[in-house]
Amino acid sequence: MKWIFLLYSLAIITFCENKRSLDKFTILTNKRVFIPGDTLKISLKRNNNQEYDSITFYNDNKKISSNYKIEKKLGDKKITVRVYQKNNFREDSINIRVLSAKTPKLYTYKIINEYPHDIKSYTQGLEFYNNRLFESIGLRGKSALKEIEFKSGSVIRNLPIDDAYFAEGITLLNDKIYQLTWQSKIGFIYDLESFELIDSFRYKKSIEGWGLCNDGKFIYKSDGTSKIWIIDPDNLEEIDYIQVATNKSIISKINEMEWINGKIYANTYQFNKDVILIIDPETGSVEGVVDFNGLKRKVKNHPKIDVLNGIAYNKNSKTIFMTGKNWNKLFELKIIDK
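In the numbering used here, each residue carries its 1-based index in the sequence shown increased by 7.
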């Protein structure tokens with residue numbers, strides 16, 4: 008038994024010595040900020056001119072070559088280099104950033120109609136479904152799911168949410184209503200007609216629950232970061248994500264969202280309170296910025312009034328409806344060139 012223990016100990020010592028023999032290296036790249044189509048060139052600065060049996064390169068978890076053409080998805084990428092020598096390896100990582108090649112186009116708005124809106128509603132989500140308007144109300148102890156008669160502002164149905172939850176964005180797909188909660192890492196699914204709770208789902212990768220929209224096939228979820236997660240509605244798994252970026256920076260605090268004609272329209276909470284971003288759902292590129300400066304001044308000012316929040320597209324009228332947290336008006340709008 009002692010001999011076995013001695014041999015085992017020697018094997019561990021030998022392995023550790025071999026492990027230590029792999030010196031650190033420095034990852035070198037031709038630059039750190041790229042646009043899609045650029046070539047990332049990776050090389051190593053080796054200590055003591057050490058030779059390796061092989062070297063592998065990864066973009067996040069995808070294996071790449073040392074001369075890698077940057078793909079179309081934007082955001083911060085983790086580049087990892089792993090070197091092998093005999094049975095040992097060492098790895099190190101750096102971050103690069105991929106930004107849009109295009110400057111966002113600027114838009115403004117034209118008000119078509121103004122409708123009454125409950126001034127006590129802390130709006131977190133807003134969406135039309137077959138010409139019917141649904142709204143998610145936030146704050147703990149005040150959260151609710153509502154169906155609204157949008158022209159009069161009257162409440163058709165109201166489902167209070169348990170006081171333990173702070174309700175967030177909603178989206179409607181296949182006669183189901185999906186509703187997020189903020190920090191509880193759980194979402195709820197309701198039957199469209201009865202408002203009956205039929206299921207729930209957990210956030211496994213995203214941080215929090217902020218906004219929702221859908222393209223008729225997949226659900227898109229913001230979590231307060233620069234990421235918009237793509238969710239498979241069949242199993243509610245977060246299968247992929249995009250990061251929102253302009254030609255100058257990564258944009259965080261993506262909040263309420265709406266799918267409009269193949270693009271994601273989203274506001275950013277506390278980043279810029281008066282704009283809506285028009286986002287390419289395949290790349291994360293901000294293709295347009297809608298300036299809503301002055302809209303908030305058209306609603307009743309009071310101590311609890313908060314930011315613009317709530318974007319809904321009515322396919323029947325082909326117009327956008329917008330409100331805000333504790334706003335007394337719902338605006339019907341058209342987006343126009345600035």
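Cβ coordinates follow ideal geometry from the N, Cα and C atoms, glycine included.
Predicted model, so just to flag it, every value in this text is computed and none were measured.
Backbone CA spacing between residue i and residue j [nearest angstrom]
i	j	result
N56	V88	17 Å
P167	I101	47 Å
P43	K183	37 Å
W217	D60	47 Å
K80	S161	43 Å
I327	L340	5 Å
I342	T115	6 Å
F64	S72	6 Å
D67	I103	11 Å
Q92	G148	60 Å
E289	I257	16 Å
Beta-carbon contacts of residue i that lie in its chain and below 6 Å, excluding the five residues immediately before and after
i	result
T110	N254
K336	E121, H124, V306
Y136	L179
I205	I196, D198
L146	Y129
Reduced DSSP category for residue i - H, G, I as helix; E, B as strand; rest coil
i	result
N102	strand
N181	coil
N120	strand
N56	helix
N25	Residue confidence for N25 is low, a pLDDT of 41 falling below 50, so the modelled location carries little weight and cannot support an answer.
L81	coil
K112	strand
Q190	coil
W217	coil
Own chain residues within Cβ distance below 8 Å of residue i, not counting five before or after
i	result
D313	Y129, G331, K332, N333
I77	F41, I42, P43, G44, D45, T46, L47, V105
V296	P111, K112, L113, Y114, V282, I283, L284, I285
Whole-angstrom C-beta distance between residue j and residue i, which should lie under 8 Å
i	j	result
S95	L29	Contrary to the premise, residue 95 reads as Asn rather than Ser in this sequence. Contact holds; Cβ gap of about 5 Å.
G194	E215	Wrong, their Cβ atoms sit about 11 Å apart, outside the cutoff.
G291	I249	4 Å
Neighbourhood of residue i by C-beta distance below 7 Å, restricted to the same chain and skipping five residues each side
i	result
Q323	A small correction: the amino acid at residue 323 is Asn; Gln does not occupy that position in the sequence shown. Once the five neighbours on either side are set aside, the close Cβ partners of N323 are N138.
C220	T178, Y227, M264, E265, W266, I271
N165	A151, K153
Considering only residues of the segment 255-341, which uninterrupted beta strand (DSSP E) runs meet the minimum length of 3 residues and lie entirely inside it, listed in chain order?
-> 261-267, 270-275, 279-286, 293-298, 315-321, 326-331
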